[in-house]
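Undergrad:
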Amino acid sequence: MSRTGPETRSRRSKPASAGRLPARSPLPRCVVALNRPIASAPDAGCSHLEWIKTPSRHHGPTTLTETLEKISCLRSLVVHEWSLAGVSLPKQHAYALQVDTSAHGVITRPFRSSGILSTLVLARSAQGFQARLQGKVRKLVDTMRSRRQLEKAIRVLSESQQLSETQAYEHMRARATTLRVTVAEVSAMIFEAHEAMEKLGLGRPSAKP
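So that you can map any letter, position 188 of the sequence shown is 192 in this note's numbering, and since no number is skipped, the others follow by simple counting.
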């Protein structure tokens, strides 16, 4: 017979903290921790499990900080050490294939309308989130490229017109205002003109030592 004394009952009834689970915690304790409300965000109105499963723009992570917090929560639950013995081999292959192909959703047989609808909603949300991230990455790449080109144009003006970097930048800003274009476009004009002059052999000769 198992012990059911007051000490045992109190120990069983004490909820486990999601952030302080010992290594290799039993699955029931992990389930209890997942079903507890989020302490760090009491206004979220969801449990740890809902927070982990819900896609972005609801309770999911929208920033790098929230994403890292979700990863930390998963690691605190030792999910990377959970046994997959209860998951059938075909399902494991299906999950691995989904990860390798970066699929936004998977529909399994038998097909059910509720399953198809939920998969489409999650796939659409994931695709939109990925598209927004790719757009931000493209903007960052363009910004870095424009910044490097601007630095090169400032250096060209400084060497060819005997200007300081501040004076060269102010001159480029003034020309951009006059032409009603961006400073990045002016820097591209300067750099392209400098390259054309160099190719034609009309560039400024380098100083002899």
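Glycine is no exception: its CB is placed at the ideal position from the N, C-alpha and C atoms.
If you measure between the beta carbons of residue 190 and residue 180, is that distance less than 9 Å?
TA: Yes.
Undergrad: I'd like the ranges of any beta strand (DSSP E) spanning at least 3 consecutive residues and lying wholly in the region 138-211.
TA: For the region 138-211, not a single whole beta strand (DSSP E) run of length 3 or above is found.
Undergrad: For residue 82 and residue 168, what's the separation of their Cα atoms in angstroms?
TA: So the two alpha carbons sit approximately 58 Å from each other.
Undergrad: Using 8 Å as the cut-off, can you tell me whether the region 151-158 makes contact with the region 191-198, which would need three or more C-beta pairs spanning the two stretches below that distance?
TA: Yes, they touch.
Undergrad: Would you mind stating whether residue 188 and residue 165 have Cβ atoms separated by less than 9 Å?
TA: In this structure, residue 165 does not lie closer than 9 Å to residue 188 by Cβ.
Undergrad: In whole angstroms, give me the CA-to-CA distance for residue 204 and residue 196.
TA: Computed Cα separation, rounded: 12 Å.
Undergrad: Cβ of residue 161 within 9 Å of Cβ of residue 172?
TA: Yes, they are a contact pair.
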